[in-house]
Each structure stands twice: as C-alpha cells, then as structure tokens.
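Residue numbers (the UniProt record's numbering), protein chains in the order written: chain E, 1 to 334; chain P, 1 to 334. Note that beta-carbon positions come from the ideal geometry of N, C-alpha and C, so glycine has one too. Quick caveat, the model's predicted, so the values are computed rather than measured.
In structure tokens:
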C-alpha cells in the first residue's frame with residue numbers, strides 16, 4: 001500500500017496587501033502516524049477568518065505569526081482516525097487549530113470534542129464556535145448594551161456581525177446593521193430581525209446613520225474600521241462604547257492603517273473605544289455556547305454559513321472575506 | 001466723571017488653523033451697572049487653555065461655541081466690585097467664566113468663591129482650579145492607575161500633564177513624561193519627581209518609550225494626539241487605558257485630524273481609549289480640591305504657573321499653548 005498523502009497549504013511568503021495563491025505553497029506530504037500523546041484527524045470543515053490575514057504578518061500580536069514554511073493556521077472540525085492520546089478516541093469529532101490541510105497530526109493542544117448529533121458540524125465553526133464566542137463576549141462584555149440602546153454593527157452580514165446583532169436584539173436593543181448590497185441588507189431585516197440596515201455600497205453611511213439612529217449610537221460593534229468607523233464616530237451618543245472587534249478594511253493595506261480621524265468624538269462624548277481578544281474568555285466558552293444553543297433551539301438566533309468546497313480552492317476562497325463577497329460564516333469543506 | 005471703559009476681545013471670525021490677532025476684535029466698551037441678579041467683577045487673572053481653540057469652532061461639542069461678536073470665553077478669577085446677587089458681596093473673590101475682558105458683568109452662573117488667603121489666586125486657575133480637576137479625574141477615574149503601573153503623560157510639562165504626573169507618582173506609579181526640550185525634561189525629573197522623561201524634540205519618541213517603559217505602558221494620559229499618540233500605542237501593555245484628555249497637536253489643523261494609525265493596538269492588547277469631560281465631575285470638585293490642597297501643603301504636589309502680563313497681549317499669549325513654548329499653567333494677568 002502506498003503512503004497516503006496529505007495535501008497542505010504552507011505559508012510561502014508574507015503577503016504585501018491581499019494574499020494570493022503565491023502567498024502559499026501547495027504540497028502533498030506522506031501521512032505519518034501519531035506518536036505518544038498525538039492524534040491524527042481527518043479534517044472536514046475549515047473556518048476561514050479575517051484573523052488569518054494577521055497571522056501571516058511577522059508582527060507581535062496576541063498569537064505568534066505563522067512561520068514561513070509552516071502549514072497555514074486554521075481552526076476546523078474533523079474526526080479522529082488514529083489516537084495515541086488518552087482523551088481522544090478514534091471516531092471522536094474534534095474542534096481545534098487543524099491547519100489548512102487534509103489531516104492534522106500532532107498533539108491536540110486546545111482541541112475539544114464536539115457532538116455532530118447535536119448540531120451540524122459547520123455550526124461548531126460559526127455560532128457555536130469561535131465566531132459565536134467572539135460575537136457574544138465582544139458585544140456583551142465590552143459593548144455592555146442595555147435594553148433600549150441603539151447598537152450599530154459593521155460587517156453586519158458577516159460571520160461575527162450577524163450573530164452580534166441578533167444577540168443585541170435578544171437583549172432588547174435597537175439594532176442597525178451596515179452591510180454591502182441590498183440582498184445583505186434585506187437579509188438583516190427580514191431574516192435576522194434587525195431594526196434597520198445601511199447599504200454602504202449604495203448610500204452615504206453618515207446619512208444612513210442619521211436616519212437609523214436618531215438618538216445616536218450607544219454601542220458600535222466594529223468589524224471593518226476605515227471610513228465606516230469614522231462615520232459612526234460622528235454619531236456617538238454620550239458614554240458610548242466602541243468595540244474594536246476587527247478592521248477588515250485595513251488588513252490588506254500596503255500603506256499605514258487609516259486611523260480614525262474622528263477619534264476626538266470619544267473626548268466630546270466621554271466615550272470609550274476598546275479592543276477585544278476572544279481567548280481571554282476561554283473559561284466561559286462552554287456556558288456561552290450552551291446559552292447560544294438554547295437561543296438557536298428557540299428560533300431566536302440564526303446562523304448562516306457560506307460553504308465553499310474543496311481544499312485546493314483555499315487561496316481564492318479566503319479572498320471572499322476581503323472582497324465583501326461572502327455572506328455569513330465562510331467555511332471551507334475539505 | 002466719564003464712563004469707565006471695559007477692554008474686551010470679541011470673537012471676530014472663526015480661525016482656520018492657528019488663531020491670530022485677526023481672529024479677535026479688540027473693543028473698549030463703556031462699563032454698565034449690575035441689574036438684579038447680576039454681579040460686576042474686576043478680572044485679575046485669566047486661564048489660557050487649549051480648550052479655547054475648540055470653543056472658536058462652529059461645531060457641536062460638550063459646550064456651545066462662542067458666537068461671533070461675543071466676548072471670547074475664558075475662565076478666570078477676579079474680585080466683585082458691585083453686586084445685585086444675594087450670594088456675592090463686594091470684595092468677594094470669585095472663579096468663573098469671566099471672559100477675555102477687564103470686567104465681567106452678568107449673572108454669576110457657575111461662579112464660586114475662592115479665598116486668596118489660602119492660596120495665591122493663580123493657583124485657583126491651575127492646581128486648585130479646572131486644570132487640577134481635569135488632571136485629577138481624568139487620571140484617577142478614566143486612567144484608573146494602580147500602584148506599580150507605568151503611566152506615560154504627553155504634554156507633561158503643561159498645566160494638566162504636570163499635575164496628572166505628580167498625582168500618578170503619589171499613587172505609587174512609575175511616571176514617564178513626554179515634553180519638548182531639555183529644560184522641561186529636567187524639570188519633570190528634578191522638580192516634579194517623574195521617573196523618566198522623553199524629549200520629543202531631540203530624541204525618537206518610540207526609542208525613548210522603549211527605554212523608559214520596559215514593561216509597557218499601563219496608562220497613557222494623552223494631551224497631544226498625532227504622532228506621539230501613535231508612538232505610545234505601539235508600547236501598550238495588555239489591558240492598558242488610554243485617556244484622551246486633549247489633542248493639542250491637532251487643534252489648529254487645516255486638514256482632517258490625524259487619527260491614530262496604530263489604534264488596532266487596542267485590539268491586540270485588549271486596551272481601552274476613553275474620552276473625558278471634566279464638568280461631569282462637578283459635584284466632586286470640592287473634595288478633590290481639598291485633597292490636592294493637602295498634597296500641596298505636604299510638598300507632594302507642585303504647581304508651576306507661566307504668567308503673562310497685560311490683557312492686550314491675549315492673542316499672542318494664547319499661541320504659546322500651541323507652539324510648545326509655555327511651561328506649566330499659562331495665566332494672563334489682566
């Protein structure tokens with residue numbers, strides 16, 4: 001029997017601007033066997049996240065960069081097909097940093113089991129995975145919305161934004177989403193129950209904010225940065241909270257990041273802008289996932305996945321995150 | 001007897017960039033008598049503050065702009081020389097928005113009495129006035145320093161910065177000041193007891209921060225904005241607090257404000273940037289002033305005034321705030 005092959009995308013070079021196929025090298029490597037303490041996982045679904053762009057930079061961050069020549073980091077779910085680790089058995093489904101490849105072989109550091117009979121596997125990468133945890137803790141802990149607050153979400157039809165907005169609705173807030181295109185805006189209102197939507201592709205965001213947020217913005221949940229952040233800063237209500245969850249408009253900049261020129265609105269409004277790293281809340285993930293699963297069962301929380309098929313489409317699939325093309329949680333079916 | 005004259009500076013036009021003599025019209029107006037509920041105050045010292053630049057703009061803020069043709073707003077201390085108000089008697093010394101003029105005539109809204117036997121009058125405009133209140137509440141309430149924290153102050157030799165830094169020292173912090181010129185830096189260390197100083201005129205601020213803040217910056221008290229804010233953002237410690245007290249580098253911009261390009265350091269470090277308006281703490285001013293007066297009596301807190309003489313020098317004196325020339329609290333002796 002010939003050795004089984006593992007298709008892998010390695011980080012070949014650190015991209016300047018948008019990543020491309022040349023950012024990665026595609027290799028096929030013979031598959032090994034788990035040593036003591038290791039597991040072998042057949043990867044089923046990979047989570048494609050804006051954070052991956054940051055991991056490609058050689059910069060100090062909350063997590064080390066991916067090394068050149070290393071398998072590109074990705075969260076994912078898969079099934080254990082061989083194990084030398086006491087906590088994981090063949091057949092178990094697991095969630096962890098499995099990498100952009102067919103198989104993960106190694107120590108299951110940070111891996112945990114998921115149950116495919118309770119929810120479809122892609123859901124463990126969206127509402128019930130890191131995406132949902134990000135939305136939940138960034139909104140509730142950093143944004144601290146109160147019932148009656150006006151909450152604005154940028155990237156609202158994206159993976160994190162669509163969940164954050166629904167949680168804000170559950171908490172009794174008026175929720176306004178900013179998204180690109182009529183289809184996404186209709187989805188926010190008709191499917192997710194947002195109170196208002198602003199289509200940044202077809203209308204002036206400042207005018208839309210004035211229309212949709214007559215009392216100002218109490219919480220801004222920002223996934224986008226750039227001009228949209230600046231526009232929202234001009235509409236802050238006193239004591240507003242700006243949650244910096246991401247800044248996808250800036251991740252592929254070749255020049256310096258565009259800082260928010262209107263940041264002095266924080267001064268005038270005694271407002272706060274605060275960053276967020278989801279791993280700080282790891283000890284509370286299980287409770288949050290249980291609460292979110294309950295909301296899903298009650299029909300209060302919906303999750304939309306945008307599933308792309310085929311490991312080898314990875315470099316192009318990733319770009320959907322930055323073109324504004326994707327809609328919901330972007331998942332790569334291996 | 002000819003009518004007594006009141007020399008006044010009115011706001012003649014809204015400046016673009018730096019204000020100049022043409023920003024104001026100088027007039028001499030016959031002095032009136034107080035009507036019921038009014039007082040007449042002989043102004044003695046005026047407080048010159050960066051905030052005055054903002055009041056000249058026709059922009060929504062925490063306080064209405066000065067109207068064209070109105071006396072330029074200024075805080076100050078003076079002595080009541082005529083009164084039709086039950087709470088104020090001839091001879092009382094008062095602190096309030098007296099305006100850039102020899103005499104204030106009107107209702108004493110927001111005015112309060114000060115005692116010249118307890119402290120020299122200029123001190124009621126610096127450590128024991130709005131300047132001191134700003135330093136005290138912005139640092140302690142928004143910055144929330146803990147003993148052992150590294151606190152960095154920009155505009156550290158200025159009125160607010162020099163007091164904020166000393167309060168941070170009193171609270172057991174390591175305090176590093178950023179100021180322009182060797183004389184100011186020596187003053188911070190030798191006179192005010194700062195632990196370190198960075199001369200932005202003669203050294204690279206980023207390199208200075210690396211040297212003086214080996215464990216990162218826990219609290220940044222920013223009076224300056226612009227490049228210095230960006231430099232400090234790169235040195236934030238996890239969970240750092242950035243107090244936006246002012247942004248004097250940006251007040252006279254003719255182009256858009258320079259937003260902090262490194263604001264995503266907030267995300268990576270789960271840090272917070274928060275604005276501040278001192279009037280929110282008015283109910284606590286008396287207690288704070290008492291505590292600060294105690295620190296001054298113990299020699300733990302020093303106040304430095306930069307006193308310029310002559311009402312008619314006002315337009316040029318004001319510019320010292322923006323040139324980096326002034327040192328301590330800028331006060332105009334009428």
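Just to confirm, is the Cβ distance from residue i to residue j under 8 Å?
{"i": "residue 269/E", "j": "residue 275/P", "result": "yes"}
{"i": "residue 8/P", "j": "residue 27/P", "result": "yes"}
{"i": "residue 77/E", "j": "residue 45/E", "result": "yes"}
{"i": "residue 84/P", "j": "residue 41/P", "result": "no"}
{"i": "residue 251/P", "j": "residue 54/P", "result": "yes"}
{"i": "residue 139/E", "j": "residue 221/E", "result": "yes"}
{"i": "residue 254/E", "j": "residue 259/P", "result": "no"}
{"i": "residue 327/P", "j": "residue 306/P", "result": "yes"}
{"i": "residue 178/P", "j": "residue 151/P", "result": "no"}
{"i": "residue 248/P", "j": "residue 224/P", "result": "yes"}
{"i": "residue 215/P", "j": "residue 197/P", "result": "no"}
{"i": "residue 65/E", "j": "residue 318/E", "result": "no"}
{"i": "residue 82/P", "j": "residue 98/P", "result": "no"}
{"i": "residue 129/P", "j": "residue 110/P", "result": "no"}
{"i": "residue 168/P", "j": "residue 301/P", "result": "no"}
{"i": "residue 187/P", "j": "residue 281/P", "result": "no"}
{"i": "residue 333/P", "j": "residue 309/P", "result": "yes"}
Any idea which residues DSSP pairs residue i with across the strands?
{"i": "residue 284/P", "result": "Answer is none; residue 284/P lacks a bridge partner."}
{"i": "residue 274/P", "result": "272/E, 243/P"}
{"i": "residue 323/P", "result": "Bridge partners of residue 323/P: none, in fact."}
{"i": "residue 84/E", "result": "Answer by DSSP bridge pairing: none, since residue 84/E is not bridged."}
{"i": "residue 153/E", "result": "177/E, 221/E"}
{"i": "residue 113/P", "result": "94/P"}
{"i": "residue 166/E", "result": "Bridge partners of residue 166/E: none, in fact."}
{"i": "residue 306/P", "result": "330/P"}
{"i": "residue 9/E", "result": "26/E"}
{"i": "residue 45/E", "result": "77/E, 333/E"}
{"i": "residue 158/P", "result": "328/P"}
Which residue's Cα is closest to the Cα of residue i: the options?
{"i": "residue 293/P", "options": "124/P, 158/P, 237/P", "result": "124/P"}
{"i": "residue 335/E", "options": "110/E, 126/E, 277/E", "result": "With chain E covering 1 to 334 only, the question about residue 335/E has no answer from this structure."}
{"i": "residue 156/P", "options": "303/P, 55/P, 259/P", "result": "303/P"}
{"i": "residue 191/P", "options": "213/P, 208/P, 136/P, 166/P", "result": "166/P"}
{"i": "residue 289/P", "options": "211/P, 69/P, 132/P, 324/P", "result": "132/P"}
{"i": "residue 331/P", "options": "323/P, 324/P, 311/P", "result": "311/P"}
{"i": "residue 58/P", "options": "16/P, 248/P, 323/P", "result": "16/P"}
{"i": "residue 345/P", "options": "320/P, 179/P, 69/P", "result": "A question about residue 345/P goes unanswered here, because the residues of chain P that appear run from 1 up to 334."}
{"i": "residue 48/P", "options": "105/P, 61/P, 160/P", "result": "160/P"}
{"i": "residue 239/E", "options": "11/E, 273/E, 229/E", "result": "273/E"}
{"i": "residue 266/P", "options": "246/P, 242/P, 24/P", "result": "242/P"}
{"i": "residue 87/E", "options": "108/E, 72/E, 70/E", "result": "108/E"}
Could you check what DSSP says for residue i in three-state terms: helix, strand or coil?
{"i": "residue 23/E", "result": "helix"}
{"i": "residue 74/E", "result": "coil"}
{"i": "residue 195/E", "result": "coil"}
{"i": "residue 300/E", "result": "coil"}
{"i": "residue 1/E", "result": "With a pLDDT of 43 at residue 1/E, under the threshold of 50, the predicted position of this residue should be treated as unreliable, and no value is reported."}
{"i": "residue 174/P", "result": "strand"}
{"i": "residue 332/E", "result": "strand"}
{"i": "residue 293/P", "result": "helix"}
{"i": "residue 61/P", "result": "coil"}
{"i": "residue 342/E", "result": "Residue numbering for chain E in the displayed model covers 1 to 334; residue 342/E lies beyond these limits and cannot be assessed."}
{"i": "residue 234/P", "result": "coil"}
{"i": "residue 132/E", "result": "helix"}
{"i": "residue 216/P", "result": "coil"}
{"i": "residue 14/P", "result": "coil"}
{"i": "residue 184/P", "result": "helix"}
{"i": "residue 40/E", "result": "strand"}
{"i": "residue 208/E", "result": "helix"}
{"i": "residue 108/E", "result": "coil"}
{"i": "residue 265/E", "result": "helix"}
With hydrogens ignored, establish whether the beta-carbon of residue i is closer than 7 Å to any heavy atom of the ligand PLP.
{"i": "residue 201/E", "result": "This structure simply doesn't include the ligand PLP, nor any ligand for that matter."}
* Can you give me, in chain order, the residues of the segment 121-148 of chain P that have a beta carbon less than 9 Å from any beta carbon in chain A? => Of the chains in the structure shown, none is chain A; the protein chains are E and P.
* If you measure beta-carbon to beta-carbon, which residues of the segment 270-281 of chain P are closer than 8 Å to chain E? -> 270, 271, 272, 273, 274, 275, 276, 277, 280
* Check distances from the C-beta atoms of the segment 239-259 of chain E to those of chain P and list, in chain order, the residues that come in under 8 Å. => 244, 245, 246, 247, 250, 256, 257, 258, 259
* **Contact residues within the segment 46-77 of chain P, judged by C-beta distance below 7 Å to chain E** => 61, 62
* Using a beta-carbon distance cut-off of less than 9 Å, what residues from the segment 149-170 of chain P approach chain E? -> Look at the segment 149-170 of chain P: it has no residue with a C-beta under 9 Å from a C-beta of chain E.
* **Near-chain P residues of the segment 22-33 of chain E - C-beta to any C-beta below 8 Å** => none
* Give the residues from the segment 192-205 of chain P that approach chain E closer than 7 Å (Cβ to any Cβ), ordered along the chain. => none
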